[in-house]
Structures are given as structure tokens and as C-alpha cells.
Amino acid sequence: MDELLTFEVLLEKYFYAKTLRPDTQWSYCKVVRTFTKFAKVLPGEVSADLVLRWKEEVLKVQGLKVRTWNNKVAHMRALFNFAIKKKLFQEENP
1 MDELLTFEVL
11 LEKYFYAKTL
21 RPDTQWSYCK
31 VVRTFTKFAK
41 VLPGEVSADL
51 VLRWKEEVLK
61 VQGLKVRTWN
71 NKVAHMRALF
81 NFAIKKKLFQ
91 EENP
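Under the UniProt record's numbering, the first residue of the sequence shown carries the number 1, and numbering increases by one thereafter.
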């Protein structure tokens, strides 16, 4: 039986495969935490539309800077590219 791919499981697999400083791991966890607070979905359920709505939330509602958004999306992109490369799901990177 396949393991359910939650963001927690994805982070665990990513951290196991990569050598990251503790501060960097903390940063990834924080980004995922803010995303999952916004959208309670599994990684395989994330769509491009959902990412655009999250972007609007971050920039317009929360009033954060574009640089902050770019940092968040870079972390998420790395996680999704890893998941696709490892065939954890067969989706395109949203």
C-alpha cells in the first residue's frame, strides 16, 4: 500500500534526500505551514489556480513584499520538482 503523500511526508523525504542546514529546513517548514493554513490540500491536489489565489493572499491581503512571495514560491517549486522527479505523483509543477 502506498503511503499517503502529505506535505509532512514530502518534507521528510526531501530533507532525507538533501543536505540542508537546520535554518533552511525550518524555512521550508514555515512556507509549507503557511500554505497549508491557506489551503488544506494534499500536494497532489495543488493546482496553478490555487497557487495564484495563494499569491493574491500573500501580496494583496497580507501585504507582503514580492521578494517574500518569490522566496515562498521558490521553496514550493523545489518541493514539487523533487516530488515529480521521484515520481511521488505524476502532476505538472503548479
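Glycine included, each C-beta is placed from N, C-alpha and C at the ideal position. Given the structure is predicted, the values throughout are model-derived calculations rather than measurements.
- Across the set Tyr-14, Glu-45 and Phe-7, the C-alpha of Phe-7 shows the shortest separation from the C-alpha of Val-32.
- The region 18–62 contains, as complete alpha helix (DSSP H) runs of 4+ residues, the segments 22–38 and 48–56 (chain order).
- Exposure of Tyr-16 is indicated by the presence of fewer than 16 other C-beta atoms within 10 angstroms of its C-beta.
- In the DSSP assignment, Thr-68 falls within the unbroken alpha helix (DSSP H) covering 66–85.
- For Leu-88, same chain residues with a beta-carbon under 6 Å away, outside a window of 5 residues either side, are Leu-5 in chain order.
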